[in-house]
Structure formats: C-alpha cells, structure tokens
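Undergrad: For this note's numbering, add 1135 to where a residue sits in the sequence shown, where the first one is 1. Sending over a structure as structure tokens; questions will come in a sec.
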Amino acid sequence: MIIAISGLTGSGKNTLGEILAKRLGYKLVCPTFKDLAKKEGISLMDFQKKAANDSNIDLKFDELLKEEVSATGGNCVVTTWLGAWILNADITVYVDAPSEVRAERIAKRDKLTVKKALVHLNERDEQNRKRYLKVYGIDIYKTDFFDLKLDSSKNKPEKLADIVEEFIKTRSDFSNRKILAKSTNVFQSPAGTSFLPTSRKSTKN
C-alpha cells in the first residue's frame, strides 16, 4: 500500500509520515528540495528560484521519487508536496493548519521570528504553487480529491496517525492487497509526459 501525504510548509506532513511509517512498519519516502539545495551549496529559496527557471529540476526530482518508491517494494509512506497528485497512491492525506500556526512551527525549528517565518512560508508556498502550475498544471491549493483532510492545529500528530489508521481499516479492499511497485507503474503517466494523473486532471481552467 502506498500512502501519500501532502501539505504546505510547516503543515506537519513529515511528522505524521514518520509516525505512520513506524506504526505500520512501512518505509518512509521523503525526498526534499532542501536536500538537493544542500548538495549544491545554496539556500532553499535560491534553489527554488533556480527551479522556477528550469523545469528539468522538478522532473529529475520526480524520477528520484519514483526510484525511491519502487525500491520499497510497494509498502511505503510518501511525504512530498506532489505525491498525492502524481503517484498511484492507495490513500491520500492532506495535512493543513492556519498560516500563523505553521509560522510558529517554522520559527521554532529554524530559530526565526514568527514574522520572518510567516514571510518565508508564504514565499515558499507561492513559489511552489506557481512552479507546479507551470510544470504540471497542478494547483496545490485545490485539495478536494484527497481521501482525508486533517487539521494539525487541532490534533497532535499521534491523534492524526490514529485517524489515518482507522481510515485504512475501513478500506478493506486494500487489506489483502500487496502492491509490487517494481512491476507496477507508480506514476500515473508514462515517462516523458507531464506526469498528470489520469484520475486527478490538471486544475488549469
């Protein structure tokens, strides 16, 4: 089973993913632009600006994601911005929280003032939204198709994990299903295309 968790900056998607992966005994797949930026020796914001002018960066990142998911053999929790849109995930979860709450988390994590953290997350979210619209035609603000939409400001991560686990139990059609990613196309579209999901179409008007 592939569980894809998405959310904006500071939403808590990675924390939820870590807890779920540990509870379920699944592999956690969590590639980030931050890792790629670090390898190039530049800041995340500068790397995102670079990606805005070079769509190949996003496409290479997608290939990395595809390889990591395939390497798990199929049972994994994926926490990325676009995982729910471009993967053949069995369950999709969107984690959200008010921008002020997310800013407080970022401020604490990165040792910033809440004001600076709020500016940072708004810039990052909007940069990503514009880039994904340009490269894929995906609007990350349109989340109606997700199986679950959770507010991480109202519940602790452990409680959110409980909710997801309960939801998994209701999906009895997956209980005896073993997904072999090596023989299954984990991306909705063939290589060389925009990777737009067949069931989750472009959000362009």
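Note that beta-carbon positions come from the ideal geometry of N, C-alpha and C, so glycine has one too.
Just the Cα atoms here: how many angstroms apart are Asn1311 and Asp1279?
TA: In this predicted model, Asn1311 has a pLDDT of only 47, less than 50, meaning its place in the structure is not dependable enough to derive any value.
Undergrad: Any contact between the region 1226 to 1237 and the region 1138 to 1157? By contact I mean 3 or more CB pairs, one from each, below 8 Å.
TA: A contact exists between the region 1226 to 1237 and the region 1138 to 1157.
Undergrad: Less than 8 Å separating the beta-carbons of Asp1351 and Lys1294?
TA: Missing from the structure shown is residue 1351; the chain here goes from 1136 to 1340 and no further.
Undergrad: May I ask which residues mark the beginning and end of the alpha helix (DSSP H) holding Gly1152?
TA: Note, Gly1152: alpha helix (DSSP H), Lys1148 to Leu1159.
Undergrad: DSSP beta-bridge partners for Cys1211?
TA: According to DSSP, which records beta bridges pairwise, Cys1211 is partnered with Ile1137 and Lys1162.
Undergrad: Look at the Cβ atom of Val1228, then the Cβ atom of Val1164, and state whether they are nearer than 8 Å.
TA: No, these two residues do not count as a Cβ contact at 8 Å.
Undergrad: Nearest to Val1270 by CA position, among Leu1200, Tyr1276 and Asp1193, is which residue?
TA: Taking only the C-alpha atoms, the option nearest Val1270 is Asp1193.
Undergrad: Compute the beta-carbon to beta-carbon distance between Phe1182 and Phe1196, rounded to the nearest angstrom, for a pair I have assumed lies under 8 Å.
TA: Actually they are not in contact, since the Cβ atoms of Phe1182 and Phe1196 sit about 11 Å apart, beyond 8 Å.
Undergrad: According to the neighbour-count rule (16 or more other Cβ atoms, all chains shown, within 10 Å of its Cβ), is Ala1316 buried or exposed?
TA: Interpretation of Ala1316 is limited by its pLDDT of 33, a score under 50 that renders its predicted location unreliable; the figure taken from the coordinates is listed afterwards. Ala1316 is buried by the Cβ-count criterion.
Undergrad: Does DSSP classify Tyr1267 as helix, strand or coil?
TA: Three-state result, Tyr1267: helix.
Undergrad: Using the rule of at least 16 other Cβ atoms within 10 Å of the residue's Cβ for burial, across every protein chain shown, is Glu1345 buried or exposed?
TA: Not covered by the structure: residue 1345. The range shown for the chain is 1136 to 1340.
Undergrad: Please report the residue range of the beta strand (DSSP E) in which Leu1285 lies.
TA: Taken as a continuous stretch (DSSP letters only), the beta strand (DSSP E) holding Leu1285 covers Leu1283 to Asp1286.
Undergrad: Whose C-beta lies closer than 8 Å to the C-beta of Lys1107 among residues of the same chain, with five residues either side of it excluded?
TA: Coverage of the chain is limited to positions 1136 through 1340, which leaves residue 1107 absent and any answer about it impossible.
Undergrad: So, under 8 Å CB-CB, Tyr1161 and Asn1210 are touching, yes? Tell me the CB distance rounded to an integer number of Å.
TA: Yes, they are in contact, since the Cβ atoms of Tyr1161 and Asn1210 sit about 5 Å apart, within 8 Å.
Undergrad: Classify Asp1342 as helix, strand or coil using the three-state DSSP reduction.
TA: Not covered by the structure: residue 1342. The range shown for the chain is 1136 to 1340.
Undergrad: Quick check on Gly1145: does DSSP put it in helix, strand or coil?
TA: If DSSP states are grouped into helix, strand and coil, Gly1145 belongs with coil.
Undergrad: When DSSP labels each residue in this structure, what does Leu1222 get in the three-state scheme?
TA: It is a strand residue.
Undergrad: Return the CA-CA distance between Lys1289 and Leu1155, expressed in angstroms with no decimal places.
TA: Using only the alpha carbons, I get a separation of about 18 Å.
Undergrad: If I measure Cβ to Cβ from Arg1264 and keep anything under 8 Å in the same chain, skipping five residues before and after, which residues do I get?
TA: Excluding positions up to five away in sequence, the list reads Asp1274, Ile1275 and Tyr1276.
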